[in-house]
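For reference, the structure is listed below as structure tokens.
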Amino acid sequence: MDKIVKKGILAVSFGTSVNATREKTIDAIEKDFQEAFPDRTLYRAWTSRMIIQKLKARDNIRIDTVTEAMERMMADGITEVVVQPTHVINGIENDQMISDVRACQDHFTSVRFGTPLLTSDEDSCAVIEAVMAELKDLPRDGALVFMGHGTTHYANSIYAALDDKFKDMGYSNVFLGTVEAYPSMETLMKLVQTCGAKRVTLAPFMVVAGDHALNDMSGDDPDSWRSRFEAAGFTVECVLRGLGEYKGIRNLYIKHIQDALKNSF
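Start counting the sequence shown at 129; every next residue gets the next number (our numbering).
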């Protein structure tokens, strides 16, 4: 007798403790996944144990780790899994996620991985088109400055490469930096000061507009990006929208699932 095939999608995110942005980003991404693949049961996992613990203590909301989600799918009889991260780059969180999934994969007939948002040059072009379609009404005398997260992982080089790609695609006054790595705020300040802009629009280059966007980017602290640009004489506006709010970004994640299902691993 043939084994019954039960298909699942595991959506893996870093997570956020800011419920309002989760609803607009992670929840919206997962909703689009379910609508695009109605024959698959959707499961969720987050990679930040700290955020998982915070939500459990504060809101009594339980979120699975990757291992727990894999075990949940086993218990539900799922046989075929496609794992789609909402991670921006192939960094530390994504490496750990793959390792955790691999440890459980022998319990399934097939396990396939979709890639993070910025994996190929084609992805970079699609991401730029998606975000600029949403942020096209910028003042002519302004600069658009994106705040990425940044990492010690070698994959961090994608941020500087994407900054160059913006320029290559004609967006000379768009800059991409990171909170925790290179390009840094100091680098961005020099570049923006030499481009002739009088206004700066700040926007998170992260899936969610969470703590980094609310505090490090737009907060009142003197060290926030907004405060530092204002201190340098710029008029500053903040756009508190995570990448997950942009339909074009969500569609790109769906394309990554479709690509994973076409390819054998």
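Cβ coordinates follow ideal geometry from the N, Cα and C atoms, glycine included.
Remark: C-beta atoms of Q224 and I385 do not approach each other more closely than 8 Å. A straight line joining the alpha-carbon of F357 with that of G372 spans about 26 Å.
Note that the C-beta distance between Y171 and R200 is below 8 Å. Taking C-beta separations shorter than 6 Å and ignoring five residues to either side along the sequence, the partners of H340 in its chain run V307, following chain order. Taking C-beta separations shorter than 8 Å and ignoring five residues to either side along the sequence, the partners of E196 in its chain run A173, following chain order.
Comparing alpha carbon positions, the residue from G376, D387, N391, K390 closest to V255 is G376. Per the C-alpha coordinates, the member of V320, F165, M317, K293 positioned closest to L138 is F165. In the structure shown, T306 falls within a strand segment according to DSSP collapsed to helix, strand and coil. For A360, no beta strand (DSSP E) encloses it, and the DSSP letter there is neither H nor E. When rounded, the separation of the alpha-carbon atoms in T329 and S355 is 13 Å. In the same chain as S352, and ignoring 5 residues on each side of it, the C-beta atoms closer than 8 Å to its own belong to N343, D344, M345, S346, in chain order.
Here M275 carries a strand assignment [DSSP, helix/strand/coil].
For A337, there is no enclosing alpha helix (DSSP H), as DSSP gives it neither H nor E. By the Cβ test, the region 306-322 is in contact with the region 267-279, since at least three Cβ pairs between them sit closer than 8 Å.
The three-state reading of DSSP puts F294 in helix, counting H, G and I together. If you draw a straight line from the Cα of Q233 to the Cα of I179, it is about 25 Å long.
For L263, the closest alpha carbon among the candidates R150, L389, V133, V367 is that of V367.
Rounded to the nearest whole angstrom, the C-alpha separation of V229 and V194 is 7 Å. Ranking N218, C253, T280, R177 by CA distance to the CA of T144 puts R177 first. Rounded to whole angstroms, the separation of the alpha carbons of N218 and D160 is 22 Å. Taking the Cα positions, E221 is about 7 Å away from T175. Taken through DSSP and simplified to helix, strand or coil, F165 comes out as coil.
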